[in-house]
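Colleague: Numbering (my numbering), first residue to last: 49 to 230. This structure is in structure tokens; I'll ask about it shortly.
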């Protein structure tokens with residue numbers, strides 16, 4: 049690979065090789081990826097490397113690591129481990145992720161993304177209908193205020209603002225916005 053492999057691929061491969069050898073060591077972060085998928089925050093595989101650079105918080109970094117693992121797992125399960133080795137060789141030749149994935153899968157990035165999302169939707173279907181609060185979804189209180197002001201009768205927008213206020217420890221605002229949402 050001549051040390052030219054993007055971080056998402058190396059991290060994903062290390063996780064994938066671990067679960068091939070020791071399945072019980074699999075990370076238990078499927079729900080985090082499910083939430084990113086359901087909320088439309090799952091990046092294209094073409095932008096996956098930047099997710100490590102722009103994570104912003106621990107929750108998004110966890111998604112970056114686990115999503116990388118699931119992406120390499122998808123490659124291995126669908127096209128076989130020899131294609132992963134070929135990908136390393138192609139990266140070593142200086143090829144970009146779009147070129148590498150097209151060479152090993154025959155799919156463009158948009159086509160790969162579509163098939164990968166279908167794979168994830170099936171693999172993670174048991175989480176459908178689950179609820180979990182991710183604090184990072186409520187840390188931009190200014191944006192939450194703007195949304196709530198633009199949608200003054202939207203209980204979900206106002207409840208989201210209340211959660212943001214709560215995380216900022218602005219308890220009076222959190223209580224008032226929770227009451228508005230109700």
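Here a beta-carbon is modelled for each residue, glycine too, at the ideal position from N, C-alpha and C.
So, are the CB atoms of residue 159 and residue 138 less than 7 Å apart?
Modeller: No, Cβ-Cβ distance for residue 159 and residue 138 is not below 7 Å.
Colleague: Just to confirm before moving on: does the CB-CB distance between residue 145 and residue 127 stay below 7 Å?
Modeller: When the beta-carbon positions are compared, residue 145 and residue 127 stay at least 7 Å from each other.
Colleague: So, with DSSP's three-state summary, where would you put residue 137?
Modeller: helix
Colleague: Is residue 82 buried or exposed, if buried means 16 or more other CB atoms sit within 10 Å of its CB?
Modeller: Buried, because 16 or more other Cβ atoms sit within 10 Å of the Cβ of residue 82.
Colleague: Pick helix, strand or coil for residue 188, following the three-state DSSP scheme.
Modeller: coil
Colleague: Roughly how many angstroms separate the alpha carbons of residue 53 and residue 140, rounded to a whole number?
Modeller: 7 Å
Colleague: Can you tell me whether DSSP reads residue 49 as helix, strand or coil?
Modeller: coil
Colleague: What is the C-beta distance between residue 132 and residue 123, in whole angstroms, given that I count them as a contact (C-beta under 8 Å)?
Modeller: Indeed, because the Cβ distance is near 6 Å, the residues count as touching under 8 Å.
Colleague: By how many angstroms is the C-alpha of residue 182 removed from the C-alpha of residue 212?
Modeller: 11 Å
Colleague: Which residues in the same chain as residue 228 place their Cβ atom closer than 7 Å to its Cβ, once the five residues preceding and following it in sequence are excluded?
Modeller: 206
Colleague: Just curious, the alpha helix (DSSP H) that residue 210 is in, first and last residue?
Modeller: It spans 203 to 215 - the alpha helix (DSSP H) in which residue 210 sits, taken as one unbroken run.
Colleague: Could you name the residues of the same chain whose beta carbon sits closer than 6 Å to that of residue 66, not counting the 5 residues immediately before and after it, in chain order?
Modeller: In the same chain as residue 66, and ignoring 5 residues on each side of it, the C-beta atoms closer than 6 Å to its own belong to 73, in chain order.
Colleague: Secondary structure at residue 131, three-state DSSP: helix, strand or coil?
Modeller: helix
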